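Engineer:
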Amino acid sequence: MTDNHLEDKRAIEIPRWKGLLHFLGIYAVIIVLTPIALIVDNDFLTFKNINNMLTGMQHLLIVVLGASFITYSGKMADLSIPFTMVAAAFASVFFLPYGLLAAVVAAIITGIIVGGINGLAIGHLNLNPIIWTFSMNYVLEGVLRLLFEGRQIYPQGPSLENFNAIANYRVFGFIPPVILLAIVLGCGLHYLMKHSRFGKDIKLTGSSEEVAKASGVNVPLLILKVFVISSLCTALAGLSSASSLATANYSLGNAKDFDAVTAIVLGGIALQGGKGFLSGAIGGLVLITMIQTMMSAIPGVNNYWQAIVKGVLFITVVAANAHFSRKAGKV
Amino acid sequence: MSATSAILKMRDVSKRYPGTLAVDRVNFDLKPGEVHALMGENGAGKSSLMNMMAGSFDDYEGDILIEGKPIQLHSPAIAKNKGIEMIHQELANALPLTIAENIFAGNLPTKAGFFIDKKILMENAKTYLKQVGLNINPMTKIEALSPHEQQLVEIAKALSNHPKILIMDEPTSSLSRSEVGKLFEIIAQLKSNGLAICYISHHIPEIFQVADRVTVMRNGQWVTTDNIQHFTPEKLVNNMVGKAIGKTKIKRQNKAGDIAFEFKNLSRIGFFHHINFNIRKGEVLSIAGLAGSGRSEIARSFCGLDPLDYGYVCKDNKVLPIFSYKDGLDFGLAYLSEDRKLEGLALDQESLFNAMSALNVKERKKSSDHERRDRYLKLAEELGIYPVDPERLVNQYSGGNQQKILLAKWMTTQPELLVLDEPTRGVDIGAKQLIHEVIGQLADSGMSILLITSDLPELVELADRVLILHKGHIVKELCSDFTEDSILLAANGDLS
């Protein structure tokens, strides 16, 4: 009885506004920030500006959808995202002369191979995900520069028009196809993460690998799958980047790893794993894009400031997260 | 009393934890040149008393006198200063450092106040190593040593502080027989140098080899102190266990069914060897043995959690191909871990999620979230999980409720054989009673239960049959009329 009495004291009634805030999460910040954005930039909510923002974030959106699984599974981040994108871009452009399908399949296979190697190393050999993917990024860069002798390549062949259309066509005249893909992919992946058996196993593994093992989860296999999912998405983003740039170059993935993990953490998928929603990560990306757009609209603010703001934002969120979870006795 | 006066006296000391009185007005004294053994079952208060001596508590009640002078033993630093050193059961050496660096950690001899004086360090280290009979280069890294040698280094480290009192907590738990012999020689040597040694161990035969006097504790209270010559193993066990009062068996229908599983020749080298037994449907079988006898390891291995070197599990005369824990679950086995916090529950997740996490792995087709919720609410009511809030995080529950959620987690998988490893560790008395009743009901429903517990009253209350495990071998089977005494004696390698 004394035991239950203690519980009662600890059960704190959550006020309604806090519940609402908890439900909205990162979107609450977006709602608050929108009027400010309008003051800074009167054109902020114009059709053209929104369209620009969507186009600007479309590749990263696909990356974020996949990379969220890595963070959710407790493996923090994939730092080989930049050159996984580049590798997929080169593969698709290289195989484009054999048709659009060949290009897409080449990108997908590239994603599966890179994700498979990452997943095996991190899941089966239990290597540190940050160190491994960090190194993987450099190895991929070296391999690609060797294979293509350091040159960038350009799409050509009979399917060139279709390839260009991936990023440049507009459904109903205004929706980029990649955004449509992201919506379909996002719904599917959300279901996978939150409502499938696999998703529940990822949540358990992300929360505690030891508990997952002692509950019968095949943790190495699960980690392998997670990395393959992530790299597949990254590869698709590489393909769409190549399409929008009409070239495969070595810098199209620059900083995409950091941007992705910032969006994910900002959106409430904690680095400790097992927490958060895919919709949150998307919100995080929207917020970053908003901030970038706002900053570029302020006269006299250099582009380099954006990097500083993103870096500080990331550190702040991670530190705040760690602070509050320690306070709640979770770490 | 004897001519030599005590160096340490504890008078009416008590230590209170929230909700329990771990040490209850205990008197204890230590004389120079004696080995004084402290005995008792799990939870008897030995560890608390010992930690009190080592200065771990600043809130104990009662008086402690060292060499006749009252002293406030409120921090480990004070204890060290007064010449009290403790050798912990778990070795606390810093592995990548050398022996010498470990011995003089925090107290390294220096040249010109900055550079380490290697020569003096070597010489000093050698003198202390000699005292514990170690003839090894002091520049050897700790990680290159065997557990026994590491322990000797630990003792050398304690000796380097010139202690008057040495507390040894289960010093033989990781040693082989011959190493135990060597350790006892060293203890005899230290004793003849006038050191007072407080010796804690579960191993009763050892006590008769090494101790001069014995103090027995039970339920936090002092029971008796006497010279070892006045004890027999039976008398010692009697004192430790006490009179069984009101401990009745859980009411059971007790219809022993057919054989559910057979375990043949199970071996994991270094842990357990040639384990043969079977378990019937609706039976509560217990594996009893001292900590480190390989109890948990057997269960972990046959379930598929840990490797198994030889042997197999049979059901209906067919060998079950178990290569992973998932296979074990599929064949109707389940293992409830003794470490709730590390392996049992994801503490920062919801109770509903945790309770369904094993089912999620086992079931072929995912049950809907709605079904799961209903199932959980039913179980929560059955087990008395309070408050019944499926979204409440596990770490917001008390230990007793957490243990119930852990039990629920494995009950959902509806195993044919449920292994319960310390099912009531760190649980309040009410929750314990309820868990015992549920275990009885599960067995009555036809489930086989393999109970692994250090809690002897619990074992006697629940088990239908007991296998005694000693150093990785099954040495005895007790089918009926077993008592705490007979189990404890048998687990110590049968002294009668």
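Chains E and L are the protein sequences, given in the same order.
Every letter in the first sequence is one number past the one before it in the numbering used here, and letter 15, counting from 1, is 15.
Every letter in the second sequence is one number past the one before it in the numbering used here, and letter 239, counting from 1, is 239.
Beta carbons: idealized from backbone N, C-alpha and C, even for Gly.
Note that the coordinates shown come from a computational prediction; the quantities given were computed from them, not determined experimentally.
1) Please report the straight-line C-alpha distance between Gly246/L and Ser68/E, rounded to a whole angstrom.
2) To the nearest angstrom, how far is the alpha carbon of Val178/E from that of Ala237/E?
3) Compute the distance between the beta-carbons of Asn51/E and Phe174/E, then report whether it is under 8 Å.
4) Could you spell out where the beta strand (DSSP E) holding Glu477/L opens and where it closes?
5) Just to confirm, are Ser75/L and Asp58/L a CB contact at a threshold of 8 Å?
6) Across which residues does DSSP place Gln150/L in a beta bridge pair?
7) Of all the CB atoms in chain E, is at least one closer than 8 Å to the CB of Ile245/L?
8) With C-beta atoms as the reference, is Ser73/E less than 8 Å away from Val226/E?
9) Classify Trp132/E as buried or exposed, calling it buried when 16 or more other Cβ atoms lie within 10 Å of its own Cβ.
10) Starting from Tyr17/L and walking both ways along the beta strand (DSSP E), at which residues does that stretch end?
11) Starting from Thr46/E, trace the alpha helix (DSSP H) in both directions and tell me its first and last residue.
12) Chain E beta carbons: is any one of them nearer than 8 Å to that of Gly344/L?
13) Whose C-beta lies closer than 7 Å to the C-beta of Lys471/L among residues of the same chain, with five residues either side of it excluded?
14) Three Cβ pairs or more, each shorter than 8 Å: is that satisfied between the segment 238-254 of chain E and the segment 150-163 of chain E?
15) Mind pulling the chain E residues with CB within less than 7 Å of Ser337/L?
16) With C-beta atoms as the reference, is Leu290/L less than 8 Å away from Gly344/L?
17) In the DSSP assignment, what residue or residues form a beta bridge with Met411/L?
18) Counting along the chain, where does the beta strand (DSSP E) carrying Ala121/E start and finish?
19) Chain L beta carbons: is any one of them nearer than 8 Å to that of Lys200/E?
20) What are the start and end residues of the alpha helix (DSSP H) that includes Glu461/L?
21) Work out the CA separation of Met411/L and Lys366/L for me, nearest whole Å.
22) For Phe163/E and Phe353/L, what's the separation of their Cα atoms in angstroms?
23) Among Leu21/E, Ile70/E, Tyr27/E, which residue has its Cα nearest to the Cα of Asn233/E?
24) Which residues in the same chain as Lys326/L place their Cβ atom closer than 7 Å to its Cβ, once the five residues preceding and following it in sequence are excluded?
25) Using the three-state DSSP reduction, which class does His36/L fall into: helix, strand or coil?
26) Determine the DSSP secondary structure at Ile269/E, reduced to helix, strand or coil.
27) Any contact of the segment 117-134 of chain E with the segment 190-205 of chain E, i.e. 3+ C-beta pairs under 8 Å?
28) Please state whether DSSP places Phe482/L in a helix, a strand or coil.
29) For chain L, is any of its Cβ atoms less than 8 Å away from the one on Glu141/E?
30) Would DSSP call Ile245/L helix, strand or coil?
31) Using a Cβ-Cβ cut-off of 6 Å (strictly less than) and excluding sequence neighbours within five positions of Lys419/L, which residues of its own chain qualify?
32) Take the Cβ of Gly115/E as the centre, count every other Cβ of all protein chains shown within 10 Å, and call the residue buried at 16 or more, exposed below.
33) Under 8 Å, Cβ to Cβ, is there at least one residue of chain E near Leu377/L?
34) Compute the Euclidean distance between the alpha carbons of Ala107/E and Thr289/E, then round it to the nearest angstrom.
35) Taking Cβ to Cβ, would you say Lys164/L is nearer than 8 Å to Leu195/L?
Structural biologist: Taking the coordinates as given:
1) What you label residue 246/L is simply residue 246 of the second sequence in a count that begins at 1. What you label residue 68/E is simply residue 68 of the first sequence in a count that begins at 1. Summary for Gly246/L: the model assigns pLDDT 47, below 50, so the residue's position carries little reliability, and this model does not support an answer.
2) In the first sequence, the residue the question calls residue 178/E occupies position 178. In the first sequence, the residue the question calls residue 237/E occupies position 237. If you take the alpha carbons of Val178/E and Ala237/E, they lie about 9 Å apart.
3) Along the first sequence, read from residue 1 onward, the residue named residue 51/E stands at position 51. Along the first sequence, read from residue 1 onward, the residue named residue 174/E stands at position 174. For the pair Asn51/E and Phe174/E, the CB atoms are nearer than the 8 Å cut-off.
4) Reading the second sequence from its first residue, position 477 is the one you call residue 477/L. From DSSP, the beta strand (DSSP E) with Glu477/L extends over 473-478.
5) Residue numbering aside, residue 75/L sits at position 75 when the second sequence is read from its first letter. Residue numbering aside, residue 58/L sits at position 58 when the second sequence is read from its first letter. Between Ser75/L and Asp58/L, the CB-CB gap stays under 8 Å.
6) Residue 150/L sits at position 150 when you count from the first residue of the second sequence. DSSP output for Gln150/L lists no bridge partner at all.
7) On the second sequence, position 245 is the one that residue 245/L refers to. Annotation note: pLDDT 47 at Ile245/L (below 50); position unreliable, coordinate value reported separately. Not closer than 8 Å to any Cβ of chain E, the Cβ of Ile245/L fails to qualify, so no.
8) In the first sequence, counting from the first residue as 1, residue 73/E sits at position 73. In the first sequence, counting from the first residue as 1, residue 226/E sits at position 226. Taking 8 Å as the Cβ cut-off, Ser73/E and Val226/E qualify as a contacting pair.
9) Residue numbering aside, residue 132/E sits at position 132 when the first sequence is read from its first letter. Buried is the call here.
10) Translated into the one-based positions of the second sequence, residue 17/L becomes position 17. From DSSP, the beta strand (DSSP E) with Tyr17/L extends over 8-17.
11) For the purposes of this step, residue 46/E is identified with residue 46 of the first sequence, where counting begins at 1. From DSSP, Thr46/E is part of no alpha helix (DSSP H); its letter is neither H nor E.
12) Position 344 of the second sequence holds residue 344/L. It does: the Cβ of Gly344/L has a partner Cβ on chain E nearer than 8 Å.
13) The sequence position of residue 471/L within the second sequence is 471, counting from 1. The residues are Ser293.
14) Verdict: yes, contact present.
15) Residue mapping note: residue 337/L aligns to position 337 of the second sequence, counting from 1. Neighbours of Ser337/L on chain E, chain order: Ala214.
16) Residue mapping note: residue 290/L aligns to position 290 of the second sequence, counting from 1. Residue mapping note: residue 344/L aligns to position 344 of the second sequence, counting from 1. Result no, Cβ atoms of Leu290/L and Gly344/L do not sit closer than 8 Å.
17) Counting from one through the second sequence, the residue named residue 411/L turns up at place 411. DSSP lists no partner for Met411/L.
18) Here the question's residue 121/E lines up with position 121 in the first sequence. Premise fails: Ala121/E is in no beta strand (DSSP E) and is neither H nor E.
19) The count along the first sequence starts at 1 and reaches residue 200/E at position 200. So, interface residue.
20) Counting from 1 along the second sequence, the entry for residue 461/L is found at position 461. Here the alpha helix (DSSP H) through Glu461/L covers 456-462.
21) For this step, residue 366/L is matched to residue 366 along the second sequence. For this step, residue 411/L is matched to residue 411 along the second sequence. One C-alpha to the other measures close to 17 Å.
22) As a working note, residue 163/E is residue 163 in the first sequence. As a working note, residue 353/L is residue 353 in the second sequence. Spanning the two alpha carbons is a distance of roughly 45 Å.
23) For the purposes of this step, residue 233/E is taken as the residue at position 233 of the first sequence. The sequence shown places Cys at residue 233/E, rather than the Asn named in the question. Ranking Leu21/E, Ile70/E, Tyr27/E by CA distance to the CA of Cys233/E puts Ile70/E first.
24) For the purposes of this step, residue 326/L is taken as residue 326 along the second sequence, with counting starting at 1. Val361.
25) Residue mapping note: residue 36/L aligns to position 36 of the second sequence, counting from 1. Judged by DSSP in its simplified three-state form, His36/L adopts strand.
26) Residue mapping note: residue 269/E aligns to position 269 of the first sequence, counting from 1. Coil, per DSSP.
27) As far as the Cβ criterion goes, the segment 117-134 of chain E does not touch the segment 190-205 of chain E, which means the pair count is below three.
28) Mapped onto the second sequence, residue 482/L falls at position 482. It is coil, neither helix nor strand.
29) Here the question's residue 141/E lines up with position 141 in the first sequence. For Glu141/E, the answer is no, since every Cβ of chain L falls outside 8 Å of its Cβ.
30) Numbered from its first residue, the second sequence carries residue 245/L at position 245. Reliability of the predicted coordinates at Ile245/L is poor, the pLDDT of 47 falling under 50, and no value is obtained from them.
31) By one-based count along the second sequence, residue 419/L stands at place 419. According to the sequence as given, residue 419/L is Val; it is not Lys. For Val419/L, where only same-chain residues beyond five positions count, the Cβ hits under 6 Å are Ala299, Tyr335, Leu450.
32) One-based indexing of the first sequence puts residue 115/E at position 115. For Gly115/E, the number of other beta carbons within 10 angstroms of its own is at least 16, and it is reported as buried.
33) Counting from 1 along the second sequence, the entry for residue 377/L is found at position 377. Chain E has no Cβ within less than 8 Å of the Cβ of Leu377/L.
34) Counting from 1 along the first sequence, the entry for residue 107/E is found at position 107. Counting from 1 along the first sequence, the entry for residue 289/E is found at position 289. C-alpha separation (whole angstroms): 26 Å.
35) Start at 1 with the first residue of the second sequence, and residue 164/L comes out as number 164. Start at 1 with the first residue of the second sequence, and residue 195/L comes out as number 195. Result yes, Cβ atoms of Lys164/L and Leu195/L sit closer than 8 Å.
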